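What follows is a set of notes on a single structure, which appears directly below.
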Amino acid sequence: MARVGVFVCWCGSNIAKTVDVVKVAEAAGKLPSVAYSTDYKYMCSEPGQNLIKQAIEEHKLDRIVVASCSPRLHEPTFRRCISEAGLNPFMLEMANIREHCSWVHDDKEVASEKALDLIAMSVAKAVKNEALFSQEIPLTKKALVIGGGVAGIQVALDIADAGYKVTLVEKTPSIGGRMAQYDKTFPTLDCAACILTPKMVDAASHPNIEIMTYAEVEKVSGFVGNFEVTIRKKARSVDMKKCTGCGVCYEKCPKKLPSEFDCGLGQRKAIYVPFPQAVPNVPVIDRENCRYFADGGKCGVCAKICPSQAVDYTLEDEMITDKYGAIVAATGFQPWDPTPYTNLGYGRYPDVITSLQFERLFNASGPTEGKLVRPSDHKPPKNVVFISCIGSRDDEHGYPYCSKVCCMYNAKHALLLKEKVHDAQAYVFYMDIRANGKGYEEFVRRTIEKYGAIYLRGRVSRVFQDGEKLIVRGVDTLAGKPVEIEADMVVLAAAMEAQPDAKDLARMLGISTDEYNWFSEAHPKLKPVEVLTAGIYLAGACQYPKDIPDAVAQASGAAAKVVGLFAKESLQSEPTVAEVNEDTCVDCQLCKEVCPYTAIDTKTLTDRAGNPIRTVSCVNEGLCHGCGTCVAACRSSSIQLRGFKDNQILSEIDALAFAE
Amino acid sequence: MEAKVIAKSDIGAWMKGLADKCDVIAPVKDGDVSAFKKIEDFGTLSIDLPTPTVKGLREQFTPETETLFEYKLTGQQAELTSDTAAQKDRLIFGVRACDAAALKYTDAVNANCEPKDALYFAKRKQTTLVGVCCTTPAWSCFCTEIGDFLANPIMMDLYLTDIGDKYYAEALTPKGETLIGASQFQAATDADKQAAESAKQKVIAALPSPIDHAEKGKDFDWDDPMFTKLAEKCLACGACTFLCPTCHCFDIQECAQGSKGSRYRCWDTCQFEKFTLMGHGHNPRPSKNERTRQRVFHKFKYSPERYGILGCVGCGRCITACPVNIDIQRVVHKLEADK
Amino acid sequence: MENELRQKAKELLESGQVKQVIGYEDGSTAFKSTPCFASSPEDADRLVWNPTCVNNLAVYLPSAVKQGKVAVAVKPCDGRSVVELIKEHQINRDDVVTMVVPCPGVLNPDALADIDPKTIKNIEWKGDGISVTTDSGEISIPREKAFLDKCLSCTLTDPAVTNIKLGDSPERSPLKDKDAAIAEYEKMSVDERRVFWAKEFTKCIRCYACRQACPACYCKECFVDKNGQVWALKSTDPEANWFFHMTRAMHLAGRCIGCGECERSCPMGIPLTLIGRTLEKDVEEMFGSGAGQDPDALPILGSFDLTKDPDPCPE
Amino acid sequence: MSEEQVITKEPETAGAPKEWEPKIIGFLCNWCTYAGADLAGSSRLKYPANMRVVRVPCSGRVDPQFVLKAFERGFDGVLVSGCHPGDCHYAKGNYYARRRHMLLQKFLEHMGIEPERFHFDWISAAEGQKFAEVVEEFTGQVKKAGPFKGVGK
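Residue numbers (the working numbering), protein chains in the order written: chain A, 163 to 822; chain B, 21 to 359; chain C, 18 to 332; chain D, 3 to 155.
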């Protein structure tokens with residue numbers, strides 16, 4: 163028979179005032195399996211804890227019930243206490259006779275009765291307690307950062323600076339991300355390239371950072387400290403080691419295509435670097451559009467002309483598998499395509515463009531080399547209408563959320579317009595001006611007051627071409643009247659939306675997304691960079707629209723989390739996790755279905771000769787958080803949560819049901 | 021022994037008279053099925069004789085759940101608290117010849133061990149059995165193939181045969197003689213006796229002829245391929261064995277409820293996978309093959325060898341109850357043909 | 018129809034496409050058929066298809082597929098069980114060939130109450146109902162009396178996992194509302210229902226025929242069979258019986274396709290389908306989907322709908 | 003039974019019979035409702051003492067079988083409570099709990115257990131007040147429903 167010790171705390175008068183602790187302790191002594199029971203003024207005090215330790219020794223107690231305050235307060239204290247006396251810490255149960263009893267009831271008799279019941283339940287549960295042990299989980303101190311935009315670069319640099327290895331994976335041929343496309347940044351009007359390029363170079367030259375561009379994550383398995391990741395390095399067709407970045411190949415390449423980097427406003431070749439400051443400065447062949455690949459090896463100009471014989475058409479996709487201790491997702495966003503706004507003429511009139519296209523038009527390295535001209539006739543525009551909330555805050559065409567940055571870049575564009583074309587006039591149609599960052603509101607005021615941008619609160623109903631002009635019809639809700647503007651150019655502040663493959667990556671990582679496919683954080687307030695899967699963190703706009711300062715701040719936050727994780731020697735698994743009874747599991751996979759952490763896998767049982775017998779569920783202890791949702795789902799009780807097994811909880815129910 | 025007659029209309033009054041001295045139990049309709057129940061109201065006597073009771077007499081002598089002892093825990097101390105209350109004498113009315121015959125078998129099983137099953141024999145001793153000859157056997161009945169107890173009943177005290185508006189009542193034991201001493205019984209005429217005889221013969225004629233199963237069972241083939249076929253379709257439920265009047269296997273379980281608890285026994289069956297599962301994980305009857313064979317062999321081969329009696333009385337309950345139409349009569353015939 | 022079934026079974030067995038065909042064959046009496054496991058083309062000649070083919074053969078699939086690919090004769094209702102088994106990873110879609118038989122309804126044993134069972138020679142579908150051949154001639158039984166309740170309200174079409182469709186689906190319009198029995202039952206007050214079930218469950222002898230006949234009860238070890246006192250006593254205490262049946266019902270929530278095998282197998286006549294159907298109706302109303310429809314659907318109690326699920330504190 | 007043993011029971015001789023008090027069991031998730039109950043305690047809010055609490059990590063851990071077991075054992079009322087939608091410490095456990103227990107409540111009613119005897123709710127760690135109110139209200143509701151007559155007869 164188990165030997166349970168019951169220790170009833172007075173908590174000074176906090177408990178003793180409404181619970182007859184002496185009588186309760188005496189009655190508890192008669193509960194089945196109780197070998198010793200006593201009361202004391204302050205169980206959590208040093209003499210109180212010594213009393214427990216002595217009783218364990220003297221009465222050969224193997225399980226302890228402390229009836230005192232909430233376990234949420236002192237469970238760690240008493241676990242430590244009994245483990246110092248040689249018991250497994252999980253042999254402790256606490257009966258909460260303070261918060262749940264003495265503090266909420268007045269009648270001493272009633273409260274004493276309840277206290278005894280709570281103790282009886284704890285005793286019954288304690289009898290079924292088992293010694294639990296945490297396991298040491300090895301830790302690979304190397305991080306994987308997915309996405310080479312400003313957030314990803316920042317994460318990589320911070321982790322690398324702390325002395326840990328980082329692999330930075332970027333889908334496109336160069337790191338830099340969206341920020342590389344921008345001209346200037348609000349509200350300081352720093353040149354984006356001037357602040358980003360050094361970081362790109364730092365990352366490229368950092369001894370702890372390995373950059374893989376033109377590469378994608380293919381497969382992720384494992385768990386915190388022990389992820390195994392397969393990365394597909396797409397065939398670049400140019401030998402990274404041989405290429406000097408001279409650029410002759412793309413000068414001579416005969417095939418011209420619209421440039422993604424310039425949002426289709428400029429052109430690139432079939433062999434290309436996306437932009438001049440690209441890191442690495444090594445071209446890549448777009449095999450789908452390359453004549454050599456399309457015509458069965460007929461062209462081959464680039465290979466012939468390359469002075470260092472770096473062009474190699476035979477290169478193939480390469481799969482690299484490595485172990486990582488932590489993963490940071492920094493995959494960013496994509497600008498929303500405003501085509502659904504048919505009334506605004508996007509795609510129909512060449513001078514109706516998106517904000518990102520506008521950005522490229524006055525970028526010195528852009529298709530016009532920084533000259534702001536209309537795409538249609540290459541004349542500088544005079545009247546430019548900026549329209550906010552294109553696809554944001556709009557359930558009907560786009561998304562209900564606010565994209566957060568558009569108000570600010572609209573202000574930036576309106577201001578820069580005036581700087582580039584002195585006699586130009588900016589009109590901004592807006593719903594609300596959301597300028598809630600450091601220096602943001604001042605910046606907007608400056609645009610309006612110093613640069614004369616005309617802000618019109620209202621929506622645009624229609625844009626149509628009239629000769630060379632674009633007629634913008636809208637409403638000024640503040641003036642309460644319709645407005646019509648003869649514009650030379652219309653710029654649509656398109657929403658930010660999740661990357662098209664965000665859901666796939668989420669699935670691969672086993673993390674969740676919200677209804678718009680943004681990655682879900684573990685807690686909106688308290689765990690904004692964590693996700694529910696341990697060892698995976700978020701940085702930047704892959705979580706939700708963010709501007710550069712926010713993205714960088716979160717990146718450093720994510721890096722700090724990774725560094726904190728890597729600072730440990732090894733990881734300790736939580737002992738209170740689920741376990742599968744392989745004898746009775748029938749592999750219906752309901753547990754797997756309900757697990758919030760993808761902690762349950764299917765494994766094949768084999769006989770001694772290694773032949774498969776059948777499949778069952780198995781718990782990855784590194785991923786399991788111990789919620790027990792799987793346990794309640796399992797029909798054959800084949801999965802159990804240590805510390806909260808069915809028989810433990812049933813014992814509590816029975817102890818109460820049959821309490822005398 | 022003596023025989024009398026009793027008018028059907030007097031049965032209620034007779035039973036009412038008996039009820040002063042003992043519990044009177046008889047088959048009554050309970051929803052879709054018929055079951056033995058204690059009769060409380062002798063006015064609107066709703067005894068159901070044509071439908072066989074869904075269960076035989078097994079539960080009357082070894083209840084589905086039976087407490088063996090009780091205990092109480094105080095701290096580290098345990099104390100036995102059982103007191104077995106004395107049971108009232110009982111009379112069971114409307115017993116079929118097959119069900120009574122089954123008691124010969126269960127008596128043998130329960131006596132064939134030391135100590136003898138006291139709980140069982142206490143109940144046997146306290147029970148008087150009044151049988152009734154069947155008039156409309158079920159489609160699955162084959163008792164006549166097993167023995168002649170329909171004509172020459174055993175293990176009961178009184179045997180009633182329906183002869184129109186009255187029963188011909190044969191006392192088979194001194195207890196039976198006492199019973200027919202009651203005022204409701206009248207002397208039987210020769211015509212009554214003949215009517216009873218022809219009523220019995222009429223039923224027997226509709227049932228199969230006798231077969232010496234005990235003899236034939238000796239040569240059953242342990243490896244008969246039929247068991248693979250049966251095992252394929254058997255669902256491994258316990259309907260057959262739980263309704264069988266001769267099945268007697270039980271499990272012993274513990275019921276712990278807070279500081280109190282009890283040990284009880286409850287029906288178990290060789291058809292359940294766990295029945296023969298041992299503590300260390302080995303199961304000598306690991307598949308339905310072995311388990312379907314066990315049921316048939318136990319009744320038709322092992323029992324005659326061990327007790328000299330067949331473990332089947334041909335009541336046909338397992339046949340009607342089987343959800344997949346496993347028909348033990350057919351199975352045995354096939355085994356006998358296969359040998 | 019029977020010939021078509023045998024022919025198809027033969028083809029599948031001859032060509033080696035399947036290891037065995039599970040169907041029905043004549044039972045030990047003319048009003049019962051029994052499951053048939055045909056593993057050779059000759060065996061296929063024993064297959065029958067008539068109103069006595071009541072069993073839901075899907076119950077055999079999880080163990081049968083271990084020997085190799087299986088073809089199984091399913092009524093449209095039983096086909097729903099196959100869907101569930103695939104959905105719950107008990108069989109692979111590729112390991113089973115479903116032969117969907119056209120079903121006008123299967124025999125309600127009560128239909129034969131007035132006929133001496135020993136005189137019955139044959140039962141077949143005829144007209145709207147069935148025709149029973151006896152020693153003393155042929156008796157026609159109309160549809161409303163001939164078939165099980167579930168058949169009278171059946172509107173099922175071919176299951177989502179149909180491989181081979183035999184014959185043409187019979188033209189039927191339901192005679193009864195599926196939930197007529199529930200409507201009748203629900204006339205009882207809540208407390209009357211408590212008393213009703215207490216009485217019904219007291220009958221239970223724990224033979225587990227309900228569970229064993231149920232294709233959805235494929236657990237290797239049922240919760241009630243756990244060693245020691247984990248969930249319920251093995252005894253037939255009314256309370257323990259109640260717990261067993263209530264838990265079994267909850268385990269079937271969203272998974273019960275209403276084949277009625279539990280009730281048919283129960284030797285004690287407990288109206289178990291009433292429980293199943295009541296719960297299934299709730300599931301359909303609350304979560305908008307039911308059992309046995311889509312093999313790719315998520316399990317109903319293993320998924321949720323953030324916004325549409327009923328909430329204890331609706332906004 | 004000695005005098006000390008019976009602290010839980012008023013001696014029969016003490017005048018008028020005690021008013022019937024329902025026996026209630028509550029399954030509370032550790033992170034929200036249990037913490038809410040703690041807060042009710044530290045705020046010294048008063049509520050009826052009928053309910054005894056079983057602490058579980060998540061409302062998702064509450065197997066409907068625990069509720070059935072409680073009714074099998076004759077409890078007069080059962081409360082299950084966890085984190086509000088969106089607040090689950092384990093992200094999704096409460097959504098599964100919601101499906102299971104909303105269905106269970108309906109099922110219980112079908113099978114003869116008054117819906118008043120089973121309550122499923124969301125109570126956060128910050129809702130000490132709500133916890134006290136829910137317990138008070140539920141206790142009253144169960145009291146009104148009267149002693150549970152049990153599932154066996």
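For each residue, glycine too, the CB sits at the ideal point set by N, CA and C. Small disclaimer: the values here were computed from a predicted structure and weren't measured.
Distance between residue j and residue i (C-alpha atoms, nearest Å)
| i | j | result |
| --- | --- | --- |
| Thr71(B) | Ser54(B) | 7 Å |
| Arg63(C) | Met246(B) | 16 Å |
| Gly142(D) | Ser252(C) | 35 Å |
| Cys276(C) | Lys167(C) | 8 Å |
| Lys20(D) | Glu217(C) | 35 Å |
| Asp131(C) | Ile137(C) | 11 Å |
| Leu427(A) | Pro420(A) | 7 Å |
| Glu5(D) | Ser279(B) | Note that Glu5(D) has pLDDT 42, beneath the 50 cutoff, so the model's placement of it is unreliable and the number below is only indicative. Distance between the alpha carbons of Glu5(D) and Ser279(B) is about 18 Å. |
| Lys541(A) | Val535(A) | 5 Å |
| Ala341(B) | Glu280(C) | 12 Å |
| Pro360(A) | Gln343(A) | 15 Å |
| Thr82(B) | His268(B) | 8 Å |
| Glu14(D) | Glu271(A) | For Glu14(D), the predicted structure reports a pLDDT of 46, less than 50, and the residue's modelled location is therefore unreliable. A value from the coordinates is still provided. Using only the alpha carbons, I get a separation of about 15 Å. |
| Lys418(A) | Arg449(A) | 13 Å |
| Gln107(C) | Gly772(A) | 22 Å |
Check: residue i C-beta below 8 Å from any heavy atom of the ligand GDP
| i | result |
| --- | --- |
| Ala715(A) | Although the ligand GDP was asked about, the structure shown includes no ligands whatsoever. |
Own chain residues within Cβ distance below 8 Å of residue i, not counting five before or after
| i | result |
| --- | --- |
| Ser80(C) | none |
| Tyr322(B) | Gly331 |
| Glu604(A) | Pro349 |
Proximal residues to residue i (C-beta, below 6 Å), its chain only, five neighbours per side dropped
| i | result |
| --- | --- |
| Phe423(A) | Pro436 and Phe437 |
| Gly387(A) | Ile299, Leu301, Gly487 and Leu733 |
Cross-strand partners of residue i (DSSP beta bridge)
| i | result |
| --- | --- |
| Arg776(A) | Leu767(A) |
| Val139(C) | The amino acid at residue 139(C) is misidentified as Val; the sequence shows Asn. The partner list for Asn139(C) (beta bridge, DSSP) reads Thr150(C). |
| Lys687(A) | Beta-bridge pairing links Lys687(A) to no other residue. |
| Met256(A) | Val228(A) |
| Ala207(B) | Lys24(B) |
How about the stretch 302-313 of chain C and the stretch 103-115 of chain C: do they share at least three Cβ pairs that are nearer than 8 Å? yes
Would you be able to state if there are at least three C-beta pairs under 8 Å between the stretch 762-774 of chain A and the stretch 58-74 of chain D? Taking 8 Å as the limit for Cβ pairs, the verdict is that the stretch 762-774 of chain A does not touch the stretch 58-74 of chain D.
Any chance the stretch 81-101 of chain C sits against the stretch 237-245 of chain C, with 3 or more Cβ pairs inside 8 Å? no
Would you list, in sequence order, the uninterrupted beta strand (DSSP E) runs of no fewer than 3 residues that lie entirely inside the stretch 644-675 of chain A? 651-656 and 658-660
Do the stretch 332-342 of chain A and the stretch 736-750 of chain A touch if we need at least three Cβ pairs shorter than 8 Å? No, the stretch 332-342 of chain A is not in contact with the stretch 736-750 of chain A.
Inter-stretch contact (C-beta, 8 Å, three-pair minimum) for the stretch 325-345 of chain B and the stretch 104-119 of chain B: The stretch 325-345 of chain B is in contact with the stretch 104-119 of chain B.
At which residue ranges does the stretch 56-123 of chain B contain complete beta strand (DSSP E) runs of 3 or more residues, listed in the order of the chain? 85-94, 97-100 and 110-115, all fully within the stretch 56-123 of chain B.
For the stretch 404-417 of chain A and the stretch 375-387 of chain A, state whether three or more C-beta atom pairs, one from each stretch, are separated by less than 8 Å. The answer is no - the stretch 375-387 of chain A does not touch the stretch 404-417 of chain A, with fewer than three Cβ pairs under 8 Å.
Starting from the N-terminal side, write out each stretch of the beta strand (DSSP E) that is 3 residues or longer and does not extend beyond the stretch 498-549 of chain A. 514-516
Starting from the N-terminal side, write out each stretch of the alpha helix (DSSP H) that is 4 residues or longer and does not extend beyond the stretch 372-445 of chain A. 410-414
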